[in-house]
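J.: Okay, here's the structure, questions in a sec.
Number of protein chains: 2
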Amino acid sequence: MTITRDDTLALDAADPLAFARARFTIPEGVTYLDGNSLGALPRRTATRVSDTITREWGEGLIRSWNSPAEGGAGWIDQPAKVGGKIARLIGGRADEVIVTDSTSINVFKLAAAALRMRPGRKVIVAEADNFPTDLYMLQGLAQLGGAELRVVPSDGILGALGDDVALLMLIHTHYRSGRVHDMAALTAAAHAAGALACWDLSHSAGAVEVDLGAAQADMALGCGYKFLNGGPGAPAYAYVAARHHGQFEQPLSGWMGHAAPFAFEGDYRAGPGVRRLLSGTPPVIGMAALGAGVATFDGVDMAAAAAKSRALGDLFITLVEQRCPEFGIACPRDGRGAQVSLSHASAYAIMQALIGRGVIGDFRAPDILRFGFPALYVRNIDVWQAVSVLAAVMQSGEWKDAQHQKRRAVT
Amino acid sequence: MTITRDDTLALDAADPLAFARARFTIPEGVTYLDGNSLGALPRRTATRVSDTITREWGEGLIRSWNSPAEGGAGWIDQPAKVGGKIARLIGGRADEVIVTDSTSINVFKLAAAALRMRPGRKVIVAEADNFPTDLYMLQGLAQLGGAELRVVPSDGILGALGDDVALLMLIHTHYRSGRVHDMAALTAAAHAAGALACWDLSHSAGAVEVDLGAAQADMALGCGYKFLNGGPGAPAYAYVAARHHGQFEQPLSGWMGHAAPFAFEGDYRAGPGVRRLLSGTPPVIGMAALGAGVATFDGVDMAAAAAKSRALGDLFITLVEQRCPEFGIACPRDGRGAQVSLSHASAYAIMQALIGRGVIGDFRAPDILRFGFPALYVRNIDVWQAVSVLAAVMQSGEWKDAQHQKRRAVT
Chain W
17 MTITRDDTLA LDAADPLAFA RARFTIPEGV TYLDGNSLGA LPRRTATRVS DTITREWGEG
77 LIRSWNSPAE GGAGWIDQPA KVGGKIARLI GGRADEVIVT DSTSINVFKL AAAALRMRPG
137 RKVIVAEADN FPTDLYMLQG LAQLGGAELR VVPSDGILGA LGDDVALLML IHTHYRSGRV
197 HDMAALTAAA HAAGALACWD LSHSAGAVEV DLGAAQADMA LGCGYKFLNG GPGAPAYAYV
257 AARHHGQFEQ PLSGWMGHAA PFAFEGDYRA GPGVRRLLSG TPPVIGMAAL GAGVATFDGV
317 DMAAAAAKSR ALGDLFITLV EQRCPEFGIA CPRDGRGAQV SLSHASAYAI MQALIGRGVI
377 GDFRAPDILR FGFPALYVRN IDVWQAVSVL AAVMQSGEWK DAQHQKRRAV T
Chain U
17 MTITRDDTLA LDAADPLAFA RARFTIPEGV TYLDGNSLGA LPRRTATRVS DTITREWGEG
77 LIRSWNSPAE GGAGWIDQPA KVGGKIARLI GGRADEVIVT DSTSINVFKL AAAALRMRPG
137 RKVIVAEADN FPTDLYMLQG LAQLGGAELR VVPSDGILGA LGDDVALLML IHTHYRSGRV
197 HDMAALTAAA HAAGALACWD LSHSAGAVEV DLGAAQADMA LGCGYKFLNG GPGAPAYAYV
257 AARHHGQFEQ PLSGWMGHAA PFAFEGDYRA GPGVRRLLSG TPPVIGMAAL GAGVATFDGV
317 DMAAAAAKSR ALGDLFITLV EQRCPEFGIA CPRDGRGAQV SLSHASAYAI MQALIGRGVI
377 GDFRAPDILR FGFPALYVRN IDVWQAVSVL AAVMQSGEWK DAQHQKRRAV T
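Right, dumping it as structure tokens:
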């Protein structure tokens, strides 16, 4: 049965999450399907950040570091406070998550911490051909000595879990294909081998259902600027299961992770719980924006959001198959994150032509057009619109124009 | 000869840098002498950040990563661009400085890079009893193996530079006393021993004259939220002398430091020059605020700014000696940064009483009252006002009140 434009409008009219779109500002004339790369701007972010700058910094000045009870704006507590709000979206306890540094830096911290927790084991197992910063950071750690990296294809993970493995570090949702790993099963396999499991949730948090607690995951981390809507280069977060608190140690041991940061002691003493994952002074302005981004999930059930994203992706695939059969479907039909990937030999130029017409997805080498479907602001009519423009771009052949062939720095 | 209030007003009237104060918003009734901890809010920051959020992020969305020539806001170039502007203030070339991560994280990167550049040498010499995050990070690096930390008092630095030393890492201006090291002489001593020299400029950049090039410094780093006015938790910066470009390698090798970040290659290949100091995705919103902070130095000669700060500090010391002789002068008369430290057994409570009266400095354990004199916004009349309030607080004994004794988290 052919799906019509009216069908998609009817789906939107019945959508229990439709209210959430008003929490964002989407530019006129833009169909934004790249929230998996950079989330859209929440309506409250500018006000929240402006208040942090003008009132908290400008008027409160240094006093704003103190807690409200001490007459401050509570900046010192923001990493734990915003982390605690992210926790709900990933199945962690509020005291298991903290906002700090970048995804890359947190990969290094958690991997190094895991190695110390498994003395006598040196191997970190990771997946080849996924978003590479995790591998790059692990390569950096390995070059410092004491770690060995075992990079395997996804069907080689289980076989790589020998008794020399300290850590299985995986990216939960694949950045290019959107394939989602079975977190509980792979964590159990790591544990059966005597290893710890750490999950990169960058493309998962706010997109798919994640339950770190139920999966018995040991560690996790992720970025703040994709589905969490924290803004470009938002601070990242890290999770360590409560059962490991007090035991893990990480080597990027800066003063904010110290048990008594303002005692200025000569030797490092790790602070309590996930506080010891802090390193330098927390990025207050970026955390304010991240807090506003995470707040777009207030009152939103993650199971419902994940189901809506899956349904939007299914609709997109169905419409592409109906109207643009020249594209390959480069993602799983099931077990997929909040994104869909199409393959085409001219993927780059086609994506540039789409962007030129206001339909924003992104390109991933060598031949992938990637489209994200964040449940909070993407509608069924947007999916209809995107496929209609895609069909028009293919029919007109306008993607062959010279300006769409020219490579940009960020694609 | 006794200095009068009118004398300080006359000094302000003759101040060639007086114009710069209008670049900041200082709250009514506040005498802000803590810019060495958190710089005051520049007048343009809120607008600049708001534009980054509302126009660049909200409207440009993912496209803003691209350069202006490609229709973007140039986010991808911001770390180098803002770094290039900081370079002028510290005697570096524009292509020798990049904005990235925190001071703490950059300590780790540069120290690890130095160790690789001096194979066969394992020792890092650092100074005891200075701002401790540098030591904490070096302790973390040493625990990963391959490095040995030699922490010595300031008069033991030269004697510690044996032929096993890879790196001399020093904080240029002491956080508590304000004492400034002789960068050229100590760098030369490190080089004579075959070691590299790295300088933490957190309390120096924008405060005192720094000429990394003339001193032949190898590496440097510093924070953005003190005299550079970048806002709470602003991104930090790092410097590597051009003669080392292409040779140094750092282990926090995230995707943004890769030679081709968007090629998503499986193996890390370090990018050109200081670009390889990048790790994760740059904090765009924080960089916008930092850029506005650094811009407060536009048209300001650092020699003139440093001289003004010294003169303000001298005036403060003279007035304290005239009116509050019960305080010790806990900083050098010469060779001092843009700050003055007083000592008193009840320093904490006295500082709380001062803050209660709108004179904001800070306390550093165990007995130091610290006052900063950023040249861009502190006036001679502010110095008069601060010492007048200090004298009144001591005469009234109000600092003995219970509310001033209670410790706050951030002091």
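These protein sequence lines are chains W and U, in that order.
To convert a position in the first sequence, counted from 1, into the working numbering, add 16.
To convert a position in the second sequence, counted from 1, into the working numbering, add 16.
For each residue, glycine too, the CB sits at the ideal point set by N, CA and C.
Buried or exposed for Arg264/U, please, with buried defined as at least 16 other CB atoms from any protein chain shown within 10 angstroms of its CB.
T.: To locate residue 264/U, count along the second sequence from 1; it is residue 248. Checking the displayed sequence, the identity of residue 264/U turns out to be Phe instead of Arg. It is buried - the Cβ of Phe264/U has at least 16 other Cβ atoms within 10 Å.
J.: State yes or no: is the beta carbon of Ala275/U nearer than 9 Å to at least one beta carbon in chain W?
T.: What you label residue 275/U is simply residue 259 of the second sequence in a count that begins at 1. Not one chain W Cβ lies under 9 Å of Ala275/U.
J.: Can you give me, in chain order, the residues of the stretch 134-161 of chain W that have a beta carbon less than 8 Å from any beta carbon in chain U?
T.: Of all residues in the stretch 134-161 of chain W, Ala144, Asp145, Phe147, Pro148, Thr149, Leu151, Tyr152, Met153, Gln155, Gly156, Leu157, Gln159, Leu160, Gly161 have a Cβ within less than 8 Å of some Cβ in chain U.
J.: Is there a Cβ from chain U that is less than 9 Å from the Cβ of Ile376/W?
T.: What you label residue 376/W is simply residue 360 of the first sequence in a count that begins at 1. Ile376/W counts as touching chain U.
J.: Just grab the DSSP bridge partners of Cys214/U for me.
T.: On the second sequence, residue 214/U is found 198 positions in, with the first residue counted as 1. Answer by DSSP bridge pairing, in chain order: Met185/U, Met235/U.
J.: Hey, would you say Asn82/U sits closer than 9 Å to Ile69/U, going by beta carbons?
T.: Position 66 of the second sequence, counting from 1, holds the residue named residue 82/U. Position 53 of the second sequence, counting from 1, holds the residue named residue 69/U. Cβ distance not < 9 Å, so Asn82/U and Ile69/U don't count as in contact.
J.: Can the beta-carbon of Leu392/W be found less than 9 Å from the beta-carbon of Ile366/W?
T.: In the first sequence, counting from the first residue as 1, residue 392/W sits at position 376. In the first sequence, counting from the first residue as 1, residue 366/W sits at position 350. In this structure, Ile366/W does not lie closer than 9 Å to Leu392/W by Cβ.
J.: In chain W, which residues lie less than 7 Å from Ser357/U when you measure between Cβ atoms?
T.: Your numbering for residue 357/U matches position 341 in the second sequence. The premise fails here: Ser357/U is roughly 14 Å from chain W at the closest Cβ pair, so nothing lies under 7 Å.
J.: When DSSP labels each residue in this structure, what does His261/W get in the three-state scheme?
T.: Stepping through the first sequence from its first residue, residue 261/W is reached at position 245. The answer is coil: DSSP assigns His261/W none of H, G, I, E or B.
J.: Assuming contact is defined by CB atoms lying nearer than 9 Å, are Val224/W and Ala354/W in contact in what I supplied?
T.: The residue labelled residue 224/W in the question sits at position 208 within the first sequence. The residue labelled residue 354/W in the question sits at position 338 within the first sequence. A contact, by the Cβ cut-off of 9 Å.
J.: So Leu244/U and Gly222/U are supposed to be a Cβ contact under 8 Å. How far apart are they, rounded?
T.: Numbered from its first residue, the second sequence carries residue 244/U at position 228. Numbered from its first residue, the second sequence carries residue 222/U at position 206. Leu244/U to Gly222/U, Cβ: 5 Å. Contact.
J.: Let me make sure I understand the geometry here. Which of Gly108/W, Ala30/W, Thr61/W has the alpha-carbon closest to that of Leu228/W?
T.: Along the first sequence, one-based indexing puts residue 228/W at 212. Cα-wise, what sits closest to Leu228/W is Gly108/W.
J.: Taking only beta carbons into account, state which residues of the stretch 110-123 of chain W come closer than 9 Å to chain U, listed in chain order.
T.: Listed in sequence order: Asp117, Ser118, Thr119, Ser120, Ile121, Asn122, Val123.
J.: Rounded to whole angstroms, how far is the Cβ of Thr119/W from the Cβ of Leu212/W, which I believe are closer than 8 Å?
T.: On the first sequence, residue 119/W is found 103 positions in, with the first residue counted as 1. On the first sequence, residue 212/W is found 196 positions in, with the first residue counted as 1. The pair is not a contact, with the Cβ atoms about 18 Å apart (cut-off 8 Å).
J.: How would you call Asp198/W, buried or exposed, if buried means at least 16 neighbouring beta carbons within 10 angstroms?
T.: Position 182 of the first sequence, counted from the first residue, corresponds to residue 198/W. It is exposed - the Cβ of Asp198/W has fewer than 16 other Cβ atoms within 10 Å.
J.: Comparing alpha-carbon positions, which option in Ile333/W, Gly302/W, His219/W, Val316/W lies nearest Ile187/W?
T.: For the purposes of this step, residue 187/W is taken as the residue at position 171 of the first sequence. When only C-alpha atoms are compared, the closest one is His219/W.
J.: Compare the beta carbon distance of Gly307/W and Lys101/W with 9 Å and say whether it is the shorter of the two.
T.: As a working mapping, residue 307/W is identified with position 291 in the first sequence. As a working mapping, residue 101/W is identified with position 85 in the first sequence. A contact, by the Cβ cut-off of 9 Å.
J.: Report buried or exposed for Asp117/U, applying the criterion of at least 16 other Cβ atoms within 10 angstroms of its Cβ.
T.: Counted from its first residue, the second sequence places residue 117/U at position 101. Label assigned to Asp117/U: buried.
J.: At which residue ranges does the stretch 96-145 of chain U contain complete beta strand (DSSP E) runs of 3 or more residues, listed in the order of the chain?
T.: Complete beta strand (DSSP E) runs here, min 3: 113-115, 139-143.
J.: Using only CA atoms, which one of Leu25/U, Met17/U, Ser412/U lies nearest to Val394/U?
T.: As a position in the second sequence, residue 394/U is number 378, starting the count at 1. If we check each option's Cα against that of Val394/U, Leu25/U comes out closest.
J.: Going by beta carbon distance, what residues of the same chain come within less than 8 Å of Arg166/W, once the five residues before and after it are set aside?
T.: Here residue 166/W refers to the residue found at position 150 when the first sequence is read from its first residue. Within the same chain, Arg166/W has close Cβ partners Val139, Ile140, Val141, Ala142, Ala176, Val181.
J.: Of all the residues that make up the stretch 37-65 of chain U, which are near chain W by a beta-carbon distance shorter than 8 Å?
T.: Those residues of the stretch 37-65 of chain U that come within reach of chain W (Cβ to Cβ, closer than 8 Å) are Thr41, Pro43, Val46, Tyr48, Asp50, Ser53, Leu54, Ala56, Leu57, Thr61, Ala62, Val65.
J.: Terminal residues of the continuous beta strand (DSSP E) containing Ser359/U?
T.: For the purposes of this step, residue 359/U is taken as residue 343 along the second sequence, with counting starting at 1. Unbroken beta strand (DSSP E) run through Ser359/U: 355-359.
J.: Which residues does DSSP list as the beta-bridge partners of Glu225/U?
T.: The residue you call residue 225/U lines up with position 209 of the second sequence. None; Glu225/U has no bridge partner.
J.: Should Val46/U and Gly374/U be called a contact, given that it needs their Cβ atoms to be closer than 9 Å?
T.: To locate residue 46/U, count along the second sequence from 1; it is residue 30. To locate residue 374/U, count along the second sequence from 1; it is residue 358. Cβ atoms of Val46/U and Gly374/U: closer than 9 Å.
J.: Under 8 Å, CB to CB, which of the residues in the stretch 80-97 of chain U have a partner in chain W?
T.: Residues Ser80, Trp81, Asn82, Ser83, Glu86, Gly88, Trp91, Ile92.
J.: If distances are taken between C-alpha atoms only, which option among Asp22/U, Ile376/U, Asp31/U, Thr149/U comes closest to Ala286/W?
T.: For this step, residue 286/W is matched to residue 270 along the first sequence. The shortest C-alpha separation from Ala286/W is found at Thr149/U.
J.: Which class does Pro58/U belong to by DSSP, given the choice of helix, strand or coil?
T.: Looking up residue 58/U in the second sequence gives position 42. In this structure, Pro58/U counts as strand in the three-state DSSP scheme.
J.: When DSSP builds the beta bridges, which residues end up paired with Ile376/W?
T.: On the first sequence, position 360 is the one that residue 376/W refers to. For Ile376/W, which the question treats as bridged, DSSP gives the partners Tyr48/W.
J.: Could you pull the DSSP bridge partners for Glu164/U from this structure?
T.: The residue labelled residue 164/U in the question sits at position 148 within the second sequence. DSSP lists Val139/U as partners of Glu164/U.
J.: Determine whether the beta carbon atoms of Ile121/W and Ala252/W lie at a separation below 9 Å.
T.: As a position in the first sequence, residue 121/W is number 105, starting the count at 1. As a position in the first sequence, residue 252/W is number 236, starting the count at 1. In this structure, Ala252/W lies closer than 9 Å to Ile121/W by Cβ.
J.: Which residue wins for smallest C-alpha separation from Glu75/W, given the options Thr63/U, Leu49/U, Pro43/U?
T.: Start at 1 with the first residue of the first sequence, and residue 75/W comes out as number 59. Minimum Cα distance to Glu75/W is reached at Pro43/U.
J.: Looking at C-alpha atoms only, which residue of Met410/U, Leu184/U, Lys422/U is the closest neighbour of Arg137/U?
T.: As a position in the second sequence, residue 137/U is number 121, starting the count at 1. Comparing Cα-Cα distances from Arg137/U to each of Met410/U, Leu184/U, Lys422/U, the minimum goes to Leu184/U.
J.: Does Gln16/U pass the burial test, meaning 16 or more other C-beta atoms within 10 Å, or should it be called exposed?
T.: Here chain U has residues from 17 to 427 only, and residue 16/U is not among them.
J.: At which residue ranges does the stretch 396-423 of chain W contain complete alpha helix (DSSP H) runs of 4 or more residues, listed in the order of the chain?
T.: List check, alpha helix (DSSP H) in window: 396-412, 418-421.
J.: Is the Cβ of Tyr253/U closer than 9 Å to any Cβ of chain W?
T.: Sequence index remark: in the second sequence, residue 253/U carries index 237 (1-based). With 9 Å as the cut-off, Tyr253/U does not count as an interface residue toward chain W.
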